[in-house]
Structure formats: C-alpha cells, structure tokens
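Colleague:
Protein chains: 2
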Amino acid sequence: MNEDRKSSLSVIIQGQEYKIIDDKGHNYLRTVAAHVDDIMNKISQAYPQLDSKKIAVLTAINISDEYFQLKHEYDELLKLFEEK
Amino acid sequence: MNEDRKSSLSVIIQGQEYKIIDDKGHNYLRTVAAHVDDIMNKISQAYPQLDSKKIAVLTAINISDEYFQLKHEYDELLKLFEEK
Numbered sequence: 013m014n015e016d017r018k019s020s021l022s023v024i025i026q027g028q029e030y031k032i033i034d035d036k037g038h039n040y041l042r043t044v045a046a047h048v049d050d051i052m053n054k055i056s057q058a059y060p061q062l063d064s065k066k067i068a069v070l071t072a073i074n075i076s077d078e079y080f081q082l083k084h085e086y087d088e089l090l091k092l093f094e095e096k
Numbered sequence: 013m014n015e016d017r018k019s020s021l022s023v024i025i026q027g028q029e030y031k032i033i034d035d036k037g038h039n040y041l042r043t044v045a046a047h048v049d050d051i052m053n054k055i056s057q058a059y060p061q062l063d064s065k066k067i068a069v070l071t072a073i074n075i076s077d078e079y080f081q082l083k084h085e086y087d088e089l090l091k092l093f094e095e096k
C-alpha cells in the first residue's frame with residue numbers, strides 16, 4: 013500500500029513532474045494542474061523564443077488575470093443577489 | 013509622448029521585468045502582477061531549495077487553485093441567485 017497516496021500527488025506540467033499537496037481529492041488538483049499546462053502550452057507556442065521560466069511567470073500572470081476577472085463578476089453577482 | 017503607453021506595461025516580478033499587453037488600464041494589471049509576485053515570494057521563502065522556474069510553475073498552480081475555488085463559489089452563488 014502506498015501511504016503517501018492521500019497526502020501528495022504527482023502532476024506533469026510541460027513534461028516535468030511536480031509533487032503537490034493533495035488535500036482536495038485527485039481529480040480536482042489534476043484539473044487545476046491541467047489548466048496550468050494548457051496555458052503554458054499556448055504561451056510557449058505563441059512565444060517560442062521565451063525561456064521556460066518566463067513562460068511559467070506569464071502563465072501565472074494570465075491565470076491571475078482570469079482570477080481577478082472572475083472576482084469582479086462574483087462581486088457584481090453578489091451585489092445583484094443582495095439587491096434581489 | 014510615449015506612444016507605447018497604452019499598449020504595453022512593464023511589471024517587475026521577482027526582480028525581473030516582464031512586458032505585458034495592457035488592454036485594461038495600468039492599475040488593474042499591476043494588481044494582477046502584484047498577486048503573482050506575492051505568491052512567488054511566499055513559495056520561494058517556504059521552499060528556498062527550488063529553482064525559479066519551479067517556483068513560477070507552483071505559483072501558477074496555486075493561483076489556478078484559487079481560480080477554481082472561486083469558480084465553484086461563483087457557480088453556487090449563481091444557483092442560489094436563480095432559485096431566489
């Protein structure tokens with residue numbers, strides 16, 4: 013039996029393995045990591061001259077942008093909800 | 013006059029400059045980039061043995077996790093809103 017199964021998860025991003033803490037169930041974290049891999053692929057295809065660290069930072073900026081856009085939509089919906 | 017001012021923005025992340033497309037106004041993208049810098053700082057302090065590329069990928073995973081958690085909350089709120 014693998015006693016680490018519940019506490020850590022290996023995900024592959026751009027061909028490299030990352031071990032991350034798994035406190036929410038495997039499928040959830042695989043979705044989270046797959047989103048990162050997807051954006052990294054898109055950025056590395058669009059800007060093949062960039063090194064992998066810059067691609068990773070631009071990926072983080074891209075996902076941070078998605079987060080803040082969604083936060084804005086969430087706040088707007090919450091306002092509508094409270095006014096309803 | 014600086015004719016590039018409206019189309020690109022320089023942000024500093026972990027001491028390195030990144031030029032990003034600025035289509036939403038400077039303060040918004042500075043907030044987005046500052047969030048990335050903040051998470052990268054926390055991860056690099058927690059795991060000083062990791063190289064900067066791995067720190068950037070783990071930062072992207074962390075922010076992707078925040079995005080999907082917020083997406084779940086948004087979907088729950090939307091369901092409540094439609095039922096209200």
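These protein sequence lines map, in sequence, to chains B and U. Position in the first sequence (from 1) plus 12 gives the number in my numbering. Position in the second sequence (from 1) plus 12 gives the number in my numbering. Every residue gets a Cβ at the ideal spot worked out from N, C-alpha and C, and that includes glycine. Being a predicted model, the structure only gives us computed values, none of them experimental.
1) If we ignore side chains and look at the alpha-carbon of each, how far apart do residue 47/U and residue 72/U end up?
2) Are the C-beta of residue 21/U and some C-beta of chain B separated by less than 8 Å?
3) To which residues of the same chain is residue 53/U closer than 7 Å at the C-beta, ignoring the five residues directly before and after it?
4) What's the gap between the Cα of residue 67/U and the Cα of residue 96/B?
5) Report the residues of the segment 43-61 of chain U with a CB closer than 8 Å to any CB of chain B, ordered along the chain.
6) Ignore the nearest five residues each way along the sequence and tell me which others in residue 26/U's own chain have a CB closer than 6 Å to its CB.
7) By the three-class DSSP mapping on this structure, what secondary structure does residue 59/U have?
8) Quick one: residues in its chain with C-beta nearer than 6 Å to the C-beta of residue 29/U, no 5 flanking neighbours on either side, listed in chain order?
Modeller: The answer reads as follows:
1) 11 Å
2) Any Cβ of chain B closer than 8 Å to the Cβ of residue 21/U would place that residue at the interface, and such an atom is absent.
3) none
4) 43 Å
5) Residues passing the 8 Å Cβ filter: 43, 44, 45, 47, 48, 51 and 52.
6) 52
7) coil
8) 22
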